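Undergrad: Below you'll find the structure I mean.
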Amino acid sequence: MTKRRSRGDGGLHWDENSQRWIATANLGFDPSGKRIVKRGSGKTKTEAKNKLKEVLRDHEDGLAIAPTNYTVKDAVNDWLAYGLAGLDSSTLATTTLLSEKHVIPSLGARKLRDLSAEDVDRWLATKAKTLSTRTLQSIHSYLNRAIKRAMARDKVKRNVVELCAVPQGQAGRPSKALTFAQADAVLRGAEGTSMHAYIVLALLTGARTEELRALTWDHVFLKGKPDADPPQPPHIAVWRSVRKSGDTKTRKSRRTLALPARCVEALWQQFEDQGWDRLAADEKWEEHGLVFSSAVGKPLDAANVRRAFRQALKDVDGIDADEWTPRELRHSFVSLLSDRGVPLEVISRLVGHSGTAVTEEVYRKQIRPVIQTGAVAMDGIFGTDLRRP
Numbered sequence: 107m108t109k110r111r112s113r114g115d116g117g118l119h120w121d122e123n124s125q126r127w128i129a130t131a132n133l134g135f136d137p138s139g140k141r142i143v144k145r146g147s148g149k150t151k152t153e154a155k156n157k158l159k160e161v162l163r164d165h166e167d168g169l170a171i172a173p174t175n176y177t178v179k180d181a182v183n184d185w186l187a188y189g190l191a192g193l194d195s196s197t198l199a200t201t202t203l204l205s206e207k208h209v210i211p212s213l214g215a216r217k218l219r220d221l222s223a224e225d226v227d228r229w230l231a232t233k234a235k236t237l238s239t240r241t242l243q244s245i246h247s248y249l250n251r252a253i254k255r256a257m258a259r260d261k262v263k264r265n266v267v268e269l270c271a272v273p274q275g276q277a278g279r280p281s282k283a284l285t286f287a288q289a290d291a292v293l294r295g296a297e298g299t300s301m302h303a304y305i306v307l308a309l310l311t312g313a314r315t316e317e318l319r320a321l322t323w324d325h326v327f328l329k330g331k332p333d334a335d336p337p338q339p340p341h342i343a344v345w346r347s348v349r350k351s352g353d354t355k356t357r358k359s360r361r362t363l364a365l366p367a368r369c370v371e372a373l374w375q376q377f378e379d380q381g382w383d384r385l386a387a388d389e390k391w392e393e394h395g396l397v398f399s400s401a402v403g404k405p406l407d408a409a410n411v412r413r414a415f416r417q418a419l420k421d422v423d424g425i426d427a428d429e430w431t432p433r434e435l436r437h438s439f440v441s442l443l444s445d446r447g448v449p450l451e452v453i454s455r456l457v458g459h460s461g462t463a464v465t466e467e468v469y470r471k472q473i474r475p476v477i478q479t480g481a482v483a484m485d486g487i488f489g490t491d492l493r494r495p
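Counting from 107, one number per residue, gives the positions in the sequence shown under the numbering used here.
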């Protein structure tokens with residue numbers, strides 16, 4: 107005789123609507139008096155019972171199981187909505203764009219509990235055929251952080267993304283630097299354009315584009331400080347950037363740079379031109395004290411600068427404007443100084459790096475590959491008049 111099921115043990119029945127076996131277990135009542143029922147379903151009785159055992163095991167482990175229809179898309183969207191508080195708006199925009207373009211279309215429909223390491227590996231391998239390694243690292247990080255957040259909220263038991271390594275992607279766009287002849291042509295060709303002073307300052311001081319966009323007139327000293335002890339030449343104080351905090355990239359990026367004569371001349375012209383812009387804009391002018399601004403005084407974003415930069419270079423002989431970006435003026439600054447034998451330690455201080463190792467890593471293609479200091483010094487000591495046999 108079959109043993110009678112105990113009261114509260116649940117049961118097993120066929121559901122006509124879903125065409126599946128449903129195994130249930132009653133676990134008592136919650137504080138509001140509502141009965142706690144756990145269910146597992148399957149195409150067979152055994153499959154339904156095993157699914158119920160898994161649900162009960164999770165319950166005993168203290169895990170609140172997510173709805174069975176909770177997907178990767180739900181997890182990513184939740185992270186985008188609530189997990190990025192405090193980030194800069196541009197970082198938030200980039201993160202959202204990459205997530206919506208590369209993560210959600212490929213994996214979004216997958217139920218989060220069913221996502222496997224193999225799924226992630228295949229996704230990354232496919233993306234590696236078209237994306238750079240840096241972008242692969244970013245989208246892997248986004249998915250990892252989204253599922254980590256879901257796991258912390260008991261939506262899934264483990265984060266399989268942490269088990270997956272990022273493959274090698276496509277080579278990114280190589281950085282390059284202007285030669286002296288090209289740099290001279292760019293400086294001459296940009297004269298009379300709205301970007302002239304910007305280009306001169308970026309190329310001759312090595313300041314970052316994010317630092318120049320945040321530069322204000324109260325940090326520009328075109329007459330220097332001749333009464334100071336010792337006297338100070340014309341200079342700019344690179345103390346701010348367009349980052350959310352307003353600070354420079356690193357502590358050592360906060361620096362004061364003497365201005366070459368060409369920069370002083372260009373900035374005086376910029377001051378005058380901006381005065382005319384202010385008069386023309388009249389009531390539409392927004393005063394932010396910026397050295398480089400729009401025609402009505404508003405701050406420039408990266409796209410504004412890039413567009414105006416390429417417009418300024420479009421008629422320069424020997425330069426394809428579409429192949430250059432404003433940040434490569436900084437690369438050119440490093441390259442030109444290195445070609446003139448300026449020590450790496452000096453270049454590192456000028457560009458605001460925390461040390462020479464950073465400069466060598468970032469600008470390894472622009473740094474002179476042959477160290478000549480010792481040879482030049484020895485030639486000075488012993489001379490170069492050699493007698494050959």
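Think of the CB as a built atom: it goes at the ideal place given N, C-alpha and C, for glycine as much as any other residue. Just so we're clear, the structure is a prediction, and the values are computed from it rather than from any experiment.
Whether or not the region 242 to 253 and the region 281 to 293 are in contact is what I'm after, with contact meaning three or more pairs of Cβ atoms, one per stretch, closer than 8 angstroms; do they touch?
TA: no
Undergrad: Counting Cβ pairs, one atom from each stretch, are 3 or more of them under 8 angstroms apart for the region 258 to 272 and the region 221 to 240?
TA: yes
Undergrad: What is the DSSP secondary structure of Pro-405, reduced to helix, strand or coil?
TA: As a first step, residue 405 must be located in the sequence shown, where it is residue number 299. In this structure, Pro-405 counts as strand in the three-state DSSP scheme.
Undergrad: Run the CB neighbour count on Ala-432, radius 10 Å, all protein chains shown included, and call it buried at 16 or more, exposed below.
TA: Indexing the sequence shown from 1 puts residue 432 at position 326. In the sequence under discussion, the amino acid at residue 432 is Pro, which differs from the Ala named in the question. The residue in question, Pro-432, is buried, as its Cβ has 16 or more Cβ neighbours within 10 Å.
Undergrad: For Val-143, which residues from the same chain have a beta carbon less than 8 angstroms from its beta carbon, with the 5 sequence-adjacent residues on both sides left out?
TA: Here the question's residue 143 lines up with position 37 in the sequence shown. Once the five neighbours on either side are set aside, the close Cβ partners of Val-143 are Gly-116, Thr-130, Ala-131, Asn-132 and Leu-133.
Undergrad: Output needed for Val-537: all residues of its chain with C-beta closer than 7 angstroms, excluding positions within five of it in sequence on either side, in chain order.
TA: Only positions 107 to 495 of the chain appear in the structure, and residue 537 is not among them; the question remains open.
Undergrad: Between the Cα of Gly-214 and those of Asp-184, Ala-418, Ser-238 and Val-402, spot the shortest distance and give me the residue it belongs to.
TA: Working through the sequence shown from its first residue, we reach residue 214 at position 108. If we check each option's Cα against that of Gly-214, Asp-184 comes out closest.
Undergrad: Comparing C-alpha positions only, which one of Gly-295, Ser-359, Arg-264 and Glu-297 sits nearest to Glu-317?
TA: For the purposes of this step, residue 317 is taken as residue 211 along the sequence shown, with counting starting at 1. Measuring from the Cα of Glu-317, the nearest candidate turns out to be Ser-359.
Undergrad: Please identify the residue among Ala-256, Val-178 and Thr-177 whose C-alpha is closest to the C-alpha of Gly-189.
TA: As a working note, residue 189 is residue 83 in the sequence shown. Taking only the C-alpha atoms, the option nearest Gly-189 is Ala-256.
Undergrad: Tell me where the beta strand (DSSP E) around Ser-147 begins and ends.
TA: Here residue 147 corresponds to residue number 41 of the sequence shown, with the count starting at 1. In this chain, the beta strand (DSSP E) harbouring Ser-147 covers 141 to 148.
Undergrad: Start and end of the beta strand (DSSP E) containing His-119?
TA: Counting from 1 along the sequence shown, the entry for residue 119 is found at position 13. Segment 117 to 121, the beta strand (DSSP E) holding His-119.
Undergrad: May I ask you to list the residues that DSSP assigns as paired with Val-266?
TA: Stepping through the sequence shown from its first residue, residue 266 is reached at position 160. Note: Val-266 sits in no beta bridge, so no partner.
Undergrad: With distances taken from CA atoms, which of Pro-340, Leu-435 and Lys-217 is nearest Thr-315?
TA: Within the sequence shown, numbered from 1, the residue matching residue 315 stands at position 209. Per the Cα distances, Leu-435.
Undergrad: Ordered along the chain, which non-local residues of its own chain (more than five positions away) have a Cβ less than 6 angstroms from that of Thr-299?
TA: As a working note, residue 299 is residue 193 in the sequence shown. Hits under 6 angstroms: Ala-418.
Undergrad: Just to check my reading of the structure: Lys-282 and Ala-181 have Cβ atoms closer than 8 angstroms, yes? What is that Cβ distance to the nearest angstrom?
TA: Position 176 of the sequence shown, counted from the first residue, corresponds to residue 282. Position 75 of the sequence shown, counted from the first residue, corresponds to residue 181. Contact between Lys-282 and Ala-181 is absent: CB atoms are separated by about 40 angstroms, not below the 8 angstroms threshold.
Undergrad: What does the alpha-carbon distance come out to for the pair Gly-424 and Leu-309?
TA: Within the sequence shown, numbered from 1, the residue matching residue 424 stands at position 318. Within the sequence shown, numbered from 1, the residue matching residue 309 stands at position 203. Approximately 18 angstroms between the Cα atoms of the pair.
Undergrad: Tell me which same chain residues have a C-beta within less than 6 angstroms of the C-beta of Arg-110, skipping the five on either side of it?
TA: The sequence position of residue 110 within the sequence shown is 4, counting from 1. Because the pLDDT at Arg-110 is just 47, under 50, the model does not fix this residue reliably, and the value given afterwards should be weighed accordingly. Hits under 6 angstroms: none found.
Undergrad: How many Å lie between Asp-375 and Gly-275 at the Cα?
TA: As a first step, residue 375 is located in the sequence shown; it is residue number 269 there, counting from the start. As a first step, residue 275 is located in the sequence shown; it is residue number 169 there, counting from the start. Residue identity differs from the one stated: residue 375 is Gln in this sequence, not Asp. Going from the Cα of Gln-375 to the Cα of Gly-275 covers about 46 angstroms.
Undergrad: Can you tell me where the beta strand (DSSP E) with Leu-442 in it begins and where it stops?
TA: Counting from one through the sequence shown, the residue named residue 442 turns up at place 336. Where Leu-442 is concerned, there is no enclosing beta strand (DSSP E), although the alpha helix (DSSP H) it sits in stretches over 433 to 445.
Undergrad: Within a Cβ cutoff of 7 angstroms, which residues of the same chain sit near Ile-53, ignoring the five residues on either side of it in sequence?
TA: An answer regarding residue 53 cannot be provided, because it is not within the stretch 107 to 495 covered by the chain.
Undergrad: Evaluate Thr-108 with the Cβ neighbour count: other Cβ atoms within 10 Å of its Cβ, from every protein chain shown; 16 or more gives buried, anything less gives exposed.
TA: Residue 108 sits at position 2 when you count from the first residue of the sequence shown. With a pLDDT of 45 at Thr-108, under the threshold of 50, the predicted position of this residue should be treated as unreliable, though the coordinate-derived value follows. That one is exposed.
Undergrad: I'd like the list of long-range same chain contacts for Ala-291, defined as Cβ closer than 7 angstroms, with 5 residues on each side in sequence excluded.
TA: Within the sequence shown, the letter at position 185 stands for residue 291. Excluding positions up to five away in sequence, the list reads Val-422, Asp-423, Gly-424 and Ile-425.
Undergrad: Exposed or buried, which one is Ser-138 when buried takes at least 16 other CB atoms within 10 Å?
TA: Taking the first residue of the sequence shown as position 1, residue 138 is located at position 32. Exposed is the call here.
Undergrad: Can you tell me the Cβ-Cβ gap for His-325 and Ala-372, rounded? I've got them flagged as a contact below 8 angstroms.
TA: Reading the sequence shown from its first residue, position 219 is the one you call residue 325. Reading the sequence shown from its first residue, position 266 is the one you call residue 372. Not a contact, Cβ separation roughly 16 angstroms.
Undergrad: Ordered along the chain, which non-local residues of its own chain (more than five positions away) have a Cβ less than 6 angstroms from that of Pro-449?
TA: Numbered from 1 along the sequence shown, position 343 holds the residue referred to as residue 449. If we look at Pro-449 and ignore the five residues flanking it on each side, it has no Cβ neighbours.
Undergrad: Just verifying my parser: in three-state terms, what is the DSSP assignment at Lys-420?
TA: Position 314 of the sequence shown, counting from 1, holds the residue named residue 420. Correct three-state label for Lys-420: coil.
Undergrad: Excluding the 5 residues preceding and the 5 following Ala-414 in the sequence, name in chain order all residues of the same chain whose CB lies nearer than 7 angstroms to its CB.
TA: Residue numbering aside, residue 414 sits at position 308 when the sequence shown is read from its first letter. Hits under 7 angstroms: Ser-300 and Met-301.
Undergrad: Note down the Cα distance separating Ser-212 from Leu-198, rounded to an integer number of angstroms.
TA: Walking along the sequence shown from the start, residue 212 turns up at place 106. Walking along the sequence shown from the start, residue 198 turns up at place 92. One C-alpha to the other measures close to 21 angstroms.
Undergrad: Reducing DSSP to helix, strand and coil, say where Arg-279 ends up.
TA: Counting from one through the sequence shown, the residue named residue 279 turns up at place 173. In the structure shown, Arg-279 sits in coil (DSSP, three-state: anything other than H, G, I, E or B).
Undergrad: On the premise that His-341 lies in contact with Phe-362, defined as a C-beta separation below 8 angstroms, what is that separation, rounded to the nearest angstrom?
TA: Along the sequence shown, read from residue 1 onward, the residue named residue 362 stands at position 256. Along the sequence shown, read from residue 1 onward, the residue named residue 341 stands at position 235. According to the sequence displayed, residue 362 carries Thr and not Phe. Yes, Thr-362 and His-341 are in contact; Cβ-Cβ is about 6 angstroms, under 8 angstroms.
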